[in-house]
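Enquirer: I am attaching a structure below and will ask some questions about it afterwards.
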DNA sequence: TAGGGTTTT
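Residue numbers (this note's numbering): 2 to 692.
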């Protein structure tokens, strides 16, 4: 299907430098950061004692003796993530061989914190202190006493040992971020704590939700507070004060207002870098180009260095933001929400906050995810402002009035309340939570979201009409760390004779940005031409298969990827994911076979998993989903965008931005739907689609 | 012609 000439090429030392660097490596500071360490000249021991949390050391230990759950409110920079686990270790909590487990919501957080704590303990990483993240374990089951891990890993460990008997203390870090996994893990831990009276829990969070968390984990149902099982402790942070400035009147165009504000700060305020928050790439690019226009007329000695920052920005461009600002320049970074928690840009003294954020929102009626621009929460606004106070006192400019701020919601709704829950429900059921509607969620999701998830799992055959996991399909599907539609396709791929191909496709679907998008005009065209070599009329999924096949054929070469504008890091990750899923299929005795280029087999197998995501071309010329009857369009990045519109399609994702788009498409025949999902399509197929 | 941000034995 694909051919390319490759000549062997030898690399000079260092030639692979920045290009190979993982995005996640660019910021070792993450949420709990070591961005600036004024005590760097002190000994490690002295540094530890200078942290604000140190003053609470004995108090923390005392409270944990007395209460089962400690809600630890610790502001950024107080040192809780690194110190508290060490206090527990020093106090002998894990002397009986049990482990102190600390969960983080990001992979980099888990690895960098573990590295730092190992250093403080003067031990090798992976010995007393270790970490566990997907595809990367660094701990010793015999000797590791403090284990940092991602939340998903702890959930997986719960599947193997529902009572977490290996652990003496679990510390959930950065709980205020309230990811889907935080909430699942908290709900489960509440149950576990009742049964495991010796297990202690530390819930580390920001101020906003402390009271709610305390109530959630308090098993005391009486009025007698001496019987409380949970308690709150607050630890001061070590941020410098940030002056907050509000606008008097609402601004009509916040992008323009943000540019004007940045120009004013640059003109009037002393040295110090600037960070401005907008909601999306389009806005960031617009603001950056406006600022660059202004920079041409810059009269002061201090020249502005304007840089964009967002997730889909090529790696090399992102790295520019982290370089220290040369003398005579002022760095002005215009960023999306990526700079609120995921990355920390050093040297920021001024922050501008547009007051809005783009959030993903699930609509159970239409089964669609939308990206909606909504006002930020107070917690989010404060987090943004705090970015200005890391090295010295700073200033934050909010492009909304103080009254507007006071009217904002206190915290962003947890993901649990705005996500597709199919996977979460499947995993809860695998953990023995039969009635998810009555599960004790820290923030219960809308019942309709749960019903939508249950309906989907039933259609896939993962649960029966009583809501029980089916044996073996449902039980096995729950073990895959991927969406239920994909795990269904994988589970049947042996019968269709194309498990090799489905593995490759689904692995690549787990990676965003397989095709890189260079910003330069000439390279952008070259990248488009390169992509065309992989494209096939069957759609995006088979195009991805071509990419993976060619990647393997060319020895997974980085140079080859570069030549075809493919994301080497992404492909390498896909290969790891593929291997992980391959092991699962083997364990489930599913034959690993290739269809040898018979694309219909692959498309039919995709249909067997993705059938709930079908759309047909209505005679109006616009597509409609079978579930939800939602009008939608082919996304411009699809290979089908420029081809004649097929009658029937399966999509992997719907994105509701300015328009409703389907992404990652596969062309199917309606007869396949009737044949492979008769329970779902016997009536629905008889529609007014244009045949 | 369009892209908030994470993450999974």
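The beta carbon of each residue, even a glycine, is placed where N, CA and C say it ideally should be.
Given the structure is predicted, the values throughout are model-derived calculations rather than measurements.
With DSSP as the reference, please indicate the residues paired to residue 148 in a beta bridge.
Expert: Against the first chain, residue 148 aligns to sequence position 147. Answer by DSSP bridge pairing, in chain order: 102 and 131.
Enquirer: Give, in chain order, every unbroken run of the alpha helix (DSSP H) that is at least 4 residues long and sits entirely within the segment 268-302.
Expert: 282-297
Enquirer: Tell me where the beta strand (DSSP E) around residue 588 begins and ends.
Expert: By 1-based counting over the first chain, the position of residue 588 is 587. Note, residue 588: premise wrong, no beta strand (DSSP E); alpha helix (DSSP H) at 569-588.
Enquirer: Can you tell me whether DSSP reads residue 364 as helix, strand or coil?
Expert: For the purposes of this step, residue 364 is taken as the residue at position 363 of the first chain. Correct three-state label for residue 364: strand.
Enquirer: Please name the residue or residues paired with residue 172 in a DSSP beta bridge.
Expert: One-based indexing of the first chain puts residue 172 at position 171. Beta-bridge pairing links residue 172 to 103 and 203.
Enquirer: Among 93, 345 and 305, which one has its Cα closest to the Cα of residue 332?
Expert: Taking the first residue of the first chain as position 1, residue 332 is located at position 331. For the residues 93, 345 and 305, the minimum Cα distance to residue 332 belongs to 305.
Enquirer: Since residue 679 is in the alpha helix (DSSP H), which residue starts that stretch and which ends it?
Expert: For the purposes of this step, residue 679 is identified with residue 678 of the first chain, where counting begins at 1. Run containing residue 679: 679-682, per the alpha helix (DSSP H) assignment.
Enquirer: If you reduce the DSSP assignment to three classes, tell me which class residue 652 lands in.
Expert: As a position in the first chain, residue 652 is number 651, starting the count at 1. Residue state, collapsed to three classes: strand.
Enquirer: Given residue 520, which residues of its chain have a CB within under 8 angstroms of its CB, disregarding the five upstream and five downstream residues?
Expert: If you number the first chain from 1, residue 520 lands on position 519. So the list reads 315 and 318, once near-sequence residues are dropped.
Enquirer: Please state whether DSSP places residue 598 in a helix, a strand or coil.
Expert: Position 597 of the first chain, counting from 1, holds the residue named residue 598. Reduced to three states, the DSSP call for residue 598 is coil.
Enquirer: Could you give the uninterrupted runs of the alpha helix (DSSP H) lying entirely in the segment 615-661, keeping only those of 4 residues or more?
Expert: none
Enquirer: Could you have a look at residue 55 and say whether DSSP puts it in helix, strand or coil?
Expert: To locate residue 55, count along the first chain from 1; it is residue 54. Helix, per DSSP.
Enquirer: Rank 370, 570, 357 and 350 by C-alpha distance to the C-alpha of residue 255 and give the top, closest one.
Expert: Looking up residue 255 in the first chain gives position 254. Cα-wise, what sits closest to residue 255 is 357.
Enquirer: Please name the residue, chosen from 77, 123 and 369, that lies closest to residue 342 on a Cα-to-Cα basis.
Expert: As a first step, residue 342 is located in the first chain; it is residue number 341 there, counting from the start. Minimum Cα distance to residue 342 is reached at 77.
Enquirer: Below 8 angstroms CB to CB, which residues in the same chain sit around residue 37 once its five sequence neighbours on both sides are set aside?
Expert: Taking the first residue of the first chain as position 1, residue 37 is located at position 36. Unreliable positioning characterises residue 37 in this predicted model, as indicated by a pLDDT of 48, which lies under 50. A coordinate reading is not provided.
Enquirer: Pick out whichever of 637, 592, 98 and 611 has its Cα sitting closest to the Cα of residue 656.
Expert: For the purposes of this step, residue 656 is taken as residue 655 along the first chain, with counting starting at 1. The candidate whose alpha carbon is nearest that of residue 656 is 637.
Enquirer: Over what stretch of residues does the alpha helix (DSSP H) that includes residue 488 continue unbroken?
Expert: Here residue 488 is taken as the residue at index 487 of the first chain, counted from 1. Taken as a continuous stretch (DSSP letters only), the alpha helix (DSSP H) holding residue 488 covers 485-493.
Enquirer: Where residue 649 and residue 671 are concerned, what is the direct C-alpha to C-alpha distance, given to the nearest angstrom?
Expert: Indexing the first chain from 1 puts residue 649 at position 648. Indexing the first chain from 1 puts residue 671 at position 670. Roughly 7 angstroms separates the two Cα atoms.
Enquirer: Closer than 6 angstroms by C-beta to residue 384: which residues in its own chain qualify, once you throw out the five before and the five after it? Chain order, please.
Expert: Translated into the one-based positions of the first chain, residue 384 becomes position 383. Here the set comprises 341.
Enquirer: Could you check whether the segment 538-551 touches the segment 626-641, counting it as contact only if at least three pairs of C-beta atoms, one from each stretch, sit closer than 8 angstroms?
Expert: yes
Enquirer: Pull the bridge partners of residue 234 from the DSSP assignment, please.
Expert: Counting from one through the first chain, the residue named residue 234 turns up at place 233. Answer is 73, bridged to residue 234.
Enquirer: Going by Cα to Cα distance, which pick from 125, 158, 49 and 58 is closest to residue 100?
Expert: For the purposes of this step, residue 100 is taken as the residue at position 99 of the first chain. Closest by alpha carbon: 158.
Enquirer: Rounded C-beta distance between residue 443 and residue 187? I'm assuming under 8 angstroms.
Expert: Counting from 1 along the first chain, the entry for residue 443 is found at position 442. Counting from 1 along the first chain, the entry for residue 187 is found at position 186. About 5 angstroms separates the two Cβ atoms, so the contact holds.
Enquirer: When the Cβ atoms of the segment 549-559 are set against those of the segment 472-480, are three or more pairs found closer than 8 angstroms?
Expert: No, the segment 549-559 is not in contact with the segment 472-480.
Enquirer: Quick one: what's residue 470 bridged to in DSSP?
Expert: In the first chain, counting from the first residue as 1, residue 470 sits at position 469. 464.
Enquirer: Please return the same chain residues whose Cβ sits closer than 6 angstroms to the Cβ of residue 169, not counting the five positions on each side in sequence.
Expert: As a position in the first chain, residue 169 is number 168, starting the count at 1. Hits under 6 angstroms: 94, 95 and 99.
Enquirer: Determine the extent of the beta strand (DSSP E) in which residue 251 is found, giving its start and end residues.
Expert: In the first chain, residue 251 corresponds to position 250, counting from 1. Looking at the DSSP string, residue 251 is not in any beta strand (DSSP E), and its letter there is neither H nor E.
Enquirer: Quick check: the Cα distance between residue 63 and residue 234, rounded to an integer number of angstroms?
Expert: The residue given as residue 63 occupies position 62 in the first chain. The residue given as residue 234 occupies position 233 in the first chain. Distance between the alpha carbons of residue 63 and residue 234: 11 angstroms.
Enquirer: Find the nearest neighbour of residue 145 within the set 152, 134, 138 and 128, judged by alpha-carbon distance.
Expert: As a first step, residue 145 must be located in the first chain, where it is residue number 144. The residue from 152, 134, 138 and 128 with its alpha-carbon nearest to that of residue 145 is 128.
Enquirer: Terminal residues of the continuous beta strand (DSSP E) containing residue 239?
Expert: Within the first chain, numbered from 1, the residue matching residue 239 stands at position 238. Per DSSP, residue 239 belongs to no beta strand (DSSP E) and is neither H nor E.
Enquirer: In terms of residues, what are the limits of the beta strand (DSSP E) holding residue 97?
Expert: Numbered from its first residue, the first chain carries residue 97 at position 96. Unbroken run through residue 97: none, as it is neither H nor E.
Enquirer: Mapping the DSSP letters down to three states, classify residue 518 as helix, strand or coil.
Expert: Mapped onto the first chain, residue 518 falls at position 517. Reduced to three states, the DSSP call for residue 518 is coil.
Enquirer: Taking residue 44 as the reference, which of 121, 65 and 132 has the closest Cα?
Expert: What you label residue 44 is simply residue 43 of the first chain in a count that begins at 1. 121 is the residue among 121, 65 and 132 whose C-alpha sits nearest the C-alpha of residue 44.
Enquirer: Can you check whether the CB of residue 303 is closer than 8 angstroms to the CB of residue 321?
Expert: Position 320 of the first chain, counted from the first residue, corresponds to residue 321. Position 302 of the first chain, counted from the first residue, corresponds to residue 303. It is not a contact, given that the beta carbons lie outside the stated cut-off.
Enquirer: Looking at the structure shown, is residue 663 part of a helix, part of a strand, or coil, going by DSSP?
Expert: The residue labelled residue 663 in the question sits at position 662 within the first chain. If DSSP states are grouped into helix, strand and coil, residue 663 belongs with the strands.
Enquirer: Start and end of the beta strand (DSSP E) containing residue 186?
Expert: Sequence index remark: in the first chain, residue 186 carries index 185 (1-based). Not the beta strand (DSSP E): residue 186 falls in the alpha helix (DSSP H), residues 181-196.
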